[in-house]
Amino acid sequence: MRELFELNRCWKPNNMLFCKGLELSCDMRTSRVQIETGCMDLANCNVDASFEHSQFEIISRVRDMWAEARSEANRTTDQTKWDGDLKPMDAEQLRECGHKMVDFIADYYKDIENFPVLSQVQPGYLRELLPDSAPVHPESLQDVLDDVQSKILPGVTHWQSPEFFAYFPSNSSVAGFLGEMLSAAINMVGFSWITSPAATELEMIVLDWLAKSLKLPDEFLSSGQGGGVIQGTASEAVLVVLLAARDKALRRVGKDTIGKLVAYSSDQTHSALQKACKIGGIHAENCRVLKTDSSTDYALSPESLSEAISRDIASGLIPFFMCATVGTTSSTTVDPLPALGKISSVSFLAESSNGLWFHIDAAYAGSACICPEFRHYIDGVEEANSFNMNAHKWFLTNFDCSALWVKDRSALIQSLSTNPEFLKNKASQGNSVVDYKDWQIPLGRRFRSLKLWMVLRLYGLENLQAYIRNHIELARKFEELVKLDSRFEVAAPRRFSLVCFRLLPNPNNEEFGNELNHELLEAVNSTGKLFISHTVLSNKYVLRFAVGAPLTEERHVVAAWKTLQETASDLLRNS
Ligand SMILES: Cc1ncc(COP(=O)(O)O)c(C=O)c1O
């Protein structure tokens with residue numbers, strides 16, 4: 148029976164169903180399941196294994212059968228039940244269960260490319276599978292893992308799959324993972340220095356390291372007036388600096404003038420800024436979303452920024468914030484930082500001695516700037532007040548870890564600090580320490596610097612640079628493949644590891660082109676063999692192929708392209 152316990156989960160959407168490395172294969176033509184110990188007819192699984200029958204249903208039925216057999220046997224053999232003896236912090240129990248969990252996770256990563264990368268479940272699928280209420284009596288870890296296998300994983304979109312090419316990546320790594328484990332183990336709540344000095348000090352040190360790797364100006368280092376802080380996300384980063392900028396402006400021009408404050412960005416800026424403006428009370432009509440087009444590769448034009456500022460000043464409004472992007476979400480364009488920076492710093496701005504607060508959002512592309520050959524993309528950062536990159540996107544650091552640097556930490560602290568009696572302590576009162584609670588929205592915070600520290604130490608900058616370069620090279624290869632097929636076009640210049648492309652429609656029917664590409668996206672994603680996402684550029688529906696998952700190799704990129712080509716052929720034949 149032991150072998151049966153190992154049988155589970157894996158499949159490939161072709162005629163053969165493989166449970167890779169698990170001695171189970173299912174030939175869809177003969178409807179036979181081949182097991183190491185013998186054969187089982189699919190008829191025994193209560194499914195009609197004809198070709199009309201969805202492979203997903205057959206597979207899921209087979210999977211359920213093994214899960215049932217497995218839990219049945221485990222009920223008699225499983226030793227990791229706590230049987231009411233509640234010891235939440237028992238070290239030996241942690242050791243035993245931890246090993247089991249690590250094995251489970253390692254197997255998950257080993258098998259990950261055999262899952263459909265985009266989950267194929269329907270909305271509400273889980274309610275059907277789980278009980279209505281929490282168990283009164285404890286269950287075994289094995290029971291829970293069985294449910295993860297049979298009920299949770301089918302509803303997971305596998306961001307760590309090598310065939311995940313959607314949005315931007317969200318990296319995991321052994322080092323990041325170990326850092327997360329340690330952070331969970333220590334489980335401190337480091338809102339002020341005294342609550343865990345190491346957490347505060349390691350965060351300062353690690354962000355200084357990363358700032359130096361990016362060659363950020365010294366003003367962003369913690370040794371001066373500035374410093375770095377780990378936020379959960381780029382959205383939180385832009386929110387906190389927008390609040391700091393707002394309050395700095397209001398201190399100058401009076402708190403009743405909030406209705407006059409204007410924020411500038413382009414139509415390619417991430418919607419996180421829009422949300423920050425909403426939360427920060429910046430009036431919607433004062434959010435200038437400046438139009439871009441293909442003539443600047445969708446970059447914000449300094450002229451249009453200048454004109455908008457002049458118009459606003461003439462109308463009695465007060466420019467206070469500008470967000471530029473390095474690596475926009477739609478097409479990874481890079482706004483011209485030096486020219487924008489110059490505009491933001493000039494003192495002609497109404498009632499302002501310091502100009503606009505200039506924030507740079509490099510959430511995705513910032514990671515690439517640790518490579519000397521890509522560092523030029525952030526030239527101009529010298530003029531910025533704040534700079535942000537998500538180490539959890541493309542820097543092998545598990546979610547969440549968004550690094551934010553500011554030149555003037557006092558601006559953040561003035562906006563976000565509170566000082567209730569119950570948090571007062573000698574170190575904070577003495578102003579000799581950093582209390583990160585005053586640099587962020589929540590009070591509590593995790594020991595996130597551990598994972599970034601582990602990533603930097605266990606991989607080293609050289610390996611991290613090679614990692615980034617490899618993805619950029621894979622994207623370049625994909626771009627070449629697209630260019631070789633005259634039915635497709637590359638829809639925007641590629642800079643980093645994102646390729647924007649589209650299937651060309653009949654020249655006289657652009658509207659149909661959008662539909663066609665939408666259909667292509669839906670069709671390839673429903674194969675489970677790859678997952679891509681889309682955007683709209685110049686009113687054209689464009690497909691995005693973002694390389695950046697840690698397990699992605701050239702063979703995955705080539706296979707994804709083959710699926711795209713074959714699906715396009717089918718679509719064109721039937722259209
Ligand atoms: C350029 C850019 N900025 C901001 C964000 C928002 O990121 P987060 O989820 O960390 O808030 C993204 C997300 O992809 C992004 O691409």
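Quick note: to get this note's numbering, add 147 to the position in the sequence shown (first position is 1). Where is the CB? At the ideal position from N, CA and C, for every residue including glycine.
Using a Cβ distance threshold of 8 angstroms, G660 and K687 count as a contacting pair. In the displayed model, C244 falls within a helix according to three-state DSSP. At the C-beta level, I507 and A471 come within 8 angstroms of one another.
In the three-state reduction of the DSSP assignment, G577 falls in the coil class. Take G271, set aside five residues on each side of it, and no residue of its chain has a beta-carbon closer than 6 angstroms to its own. DSSP lists D508 and L551 as the beta-bridge partner residues of N535. Within the region 566 to 633, there are no complete beta strand (DSSP E) runs of at least 3 residues. In this structure, the beta-carbon distance from L390 to S557 does not fall below 8 angstroms. Between the alpha carbons of N610 and G245 lies a distance of about 29 angstroms. Between S317 and H539 a beta carbon distance of about 6 angstroms is seen, short of the 8 angstroms cut, so the two are scored as contacting. In this structure, P449 is the residue among P449, S462 and K573 with its C-alpha nearest to the C-alpha of I490. Taking C-alpha positions only, L597 is separated from C548 by approximately 10 angstroms.
Remark: the C-beta of D508 is in contact range of ligand 1, defined as less than 7 angstroms to any heavy atom. Less than 8 angstroms separates the beta-carbon of S339 from that of L570. Burial state of V473 is buried, judged by a 10 Å Cβ sphere holding 16 or more other Cβ atoms.
In the DSSP assignment, Q561 falls within the alpha helix (DSSP H) that extends over R556 to L563. Look at F468: its beta carbon is at least 7 angstroms from all of the heavy atoms in ligand 1. The criterion of a C-beta distance shorter than 8 angstroms is not satisfied by L645 and L667.
With a threshold of 16 other beta carbon atoms within 10 Å, G371 falls short and is exposed.
If the five residues before and after L718 are omitted, its C-beta is found closer than 7 angstroms to the C-beta atoms of L663, E666, L667 and A670, all from its own chain and listed in chain order.
With contact defined as three or more Cβ pairs closer than 8 angstroms, the region 452 to 467 and the region 403 to 413 are in contact. When the five nearest sequence neighbours on each side are left out, the beta carbons in the same chain lying within less than 7 angstroms of the beta carbon of K362 are those of R522, in order along the chain.
Residue environment analysis places N535 among the buried positions, since at least 16 neighbouring C-beta atoms fall within 10 angstroms of its C-beta. Excluding its 5 nearest sequence neighbours in each direction, V303 has C-beta neighbours in its own chain below 8 angstroms: F262 and S266, listed in chain order. Taking non-hydrogen atoms of ligand 1 into account, the C-beta of Y583 is found less than 7 angstroms away from none of them. For the set K676, D585 and R435, the Cα lying nearest the Cα of E454 is the one of R435. Proximity of the region 365 to 384 to the region 332 to 349 falls short of the contact definition, fewer than three beta-carbon pairs being nearer than 8 angstroms.
In this structure, V385 sits near A419, with a CB-CB distance shorter than 8 angstroms. With respect to T404, Y445 sits apart: the two C-beta atoms are not nearer than 8 angstroms. Beyond the five residues adjoining it in sequence on each side, F311 comes within less than 6 angstroms, by CB distance, of V264, F678 and A696 in the same chain, given in chain order. Contact between the region 273 to 283 and the region 234 to 242 is not established, with fewer than three Cβ pairs separated by less than 8 angstroms.
Here H284 is exposed: its Cβ has fewer than 16 other Cβ atoms, across all protein chains shown, within 10 Å. In this structure A431 is exposed. Its beta-carbon is surrounded by fewer than 16 other beta-carbon atoms within 10 angstroms. With a cut-off of 7 angstroms, the C-beta of H417 is classified as near ligand 1, since at least one heavy atom of the ligand falls inside that distance. Annotation for V493: G502 place their beta carbon closer than 7 angstroms to its own, counting only its chain and skipping 5 residues before and after. Here the alpha carbons of W586 and I560 stand approximately 6 angstroms from one another.
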